[in-house]
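As they're listed, the protein sequences go chains S and U.
Following this note's numbering, the numbering of the first sequence begins with 1 at its first residue and continues without gaps.
Following this note's numbering, the numbering of the second sequence begins with 113 at its first residue and continues without gaps.
All C-beta atoms, glycine included, are put in the ideal place defined by N, C-alpha and C.
Keep in mind that this is a model prediction, so the values were computed, not measured.
Read the structure below first, then the notes.
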Amino acid sequence: NAGVTQTPKFRVLKTGQSMTLLCAQDMNHEYMYWYRQDPGMGLRLIHYSVGEGTTAKGEVPDGYNVSRLKKQNFLLGLESAAPSQTSVYFCASSRQVGNIQYFGAGTRLSVL
Amino acid sequence: KQEVTQIPAALSVPEGENLVLNCSFTDSAIYNLQWFRQDPGKGLTSLLLIQSSQREQTSGRLNASLDKSSGRSTLYIAASQPGDSATYLCAVTANQAGTALIFGKGTTLSVSS
């Protein structure tokens with residue numbers, strides 16, 4: 001069982017570069033989420049999706065865009081990376097609202 | 113705005129001890145509460161989920177309780193083992209938002225043999 005898979009695992013970007021983080025889940029879950037985890041701040045929700053073709057903003061959405069073209073995939077994009085976006089990014093999915101969320105292993109991103 | 117606090121931030125105990133991790137939240141109108149475990153450099157693993165109508169949940173050596181009216185939850189770990197060393201995170205699902213988890217900053221547990 002793969003569960004939730006995130007790619008890449010590590011990435012280093014220069015300020016102003018763009019990149020896309022991919023999250024894939026094989027559990028047929030409706031809900032998918034992107035969080036960032038920073039020292040002293042805990043995990044904070046960036047964007048989420050309640051189904052294919054739908055996305056919504058979370059607590060810290062600025063500087064990020066997302067897309068959910070297929071039910072199993074949730075993409076997080078950084079159009080112009082900034083050092084403040086250096087973080088560990090986690091993707092999660094759940095069957096329905098309020099259900100257990102299953103997390104991927106994370107992507108460690110450094111923006112220089 | 114819902115805030116989740118976990119005390120203590122770090123805890124060191126010898127193997128075999130029973131221990132309690134604390135979680136408090138400011139708004140009692142929650143949908144449910146989850147406890148997660150995070151190992152260094154890894155993702156989060158859900159340990160227990162307590163619905164707002166429940167008082168406790170048990171899984172093996174873990175027991176989580178919920179007192180919604182006082183805004184508190186505890187995670188009890190019996191007979192701790194070195195393999196329990198990890199960061200434990202508490203998170204609530206707010207009634208209104210319904211979808212987002214609001215996390216505490218975690219308690220880092222170290223169990224020595």
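Using only the alpha-carbon positions, how far apart do U/A176 and S/R44 sit? 23 Å
Cβ of U/C202 within 8 Å of Cβ of U/S222? no
Given 8 Å, three or more beta-carbon pairs between the stretch 94-103 of chain S and the stretch 145-164 of chain U: Taking a cut-off of 8 Å for Cβ pairs, the stretch 94-103 of chain S and the stretch 145-164 of chain U touch, as three or more such pairs fall below it.
Can you name the start and end residues of the beta strand (DSSP E) that S/N28 belongs to? Careful: S/N28 lies outside any beta strand (DSSP E) and carries neither H nor E.
What's the gap between the Cα of S/E30 and the Cα of U/P126? 42 Å
U/L133 and U/S192: beta carbons closer than 8 Å? no
Spatial neighbours of S/A24 within its chain, please: CB distance less than 7 Å, with the 5 preceding and 5 following residues excluded, ordered by chain position. T5, Q72, N73
Per the DSSP calculation, S/G51 is bridged to which residue(s)? S/T54
If contact means a Cβ-Cβ distance below 9 Å, which residues of the stretch 129-159 of chain U contact chain S? Taking a C-beta cut-off of 9 Å against chain S, the contacting residues of the stretch 129-159 of chain U are Y143, N144, Q146, F148, Q150, G153, K154, G155, L156, T157, S158, listed in chain order.
Tell me, which residues are paired with U/I142 by DSSP? U/A206
Distance check for S/L112 and U/P152, CA to CA, integer angstroms please. 23 Å
For the beta strand (DSSP E) containing U/A122, name the first residue and the last one. Run containing U/A122: 122-126, per the beta strand (DSSP E) assignment.
Name the DSSP bridge partner or partners of S/I100? Paired residue(s): none; S/I100 is not in a bridge.
Which value, in whole angstroms, describes the spacing of the CA atoms of S/G51 and S/S93? The straight-line gap from Cα to Cα measures roughly 11 Å.
Terminal residues of the beta strand (DSSP E) in which U/G216 lies: Annotation for U/G216: no beta strand (DSSP E) segment contains it, and DSSP assigns it neither H nor E.
On the criterion of 16 or more Cβ atoms from any shown chain inside 10 Å, does U/V204 qualify as buried, or is it exposed? buried
Cutoff 8 Å: S/F103 Cβ touching any chain U Cβ: yes
Could you list which residues in chain U have their beta carbon closer than 9 Å to that of S/I100, in chain order? Q146, S158, L161
Give the straight-line distance between the Cα atoms of S/A2 and S/A105, rounded to the nearest whole angstrom. Roughly 11 Å separates the two Cα atoms.
Looking at S/A81: is its Cβ nearer than 8 Å to the Cβ of S/L13? yes
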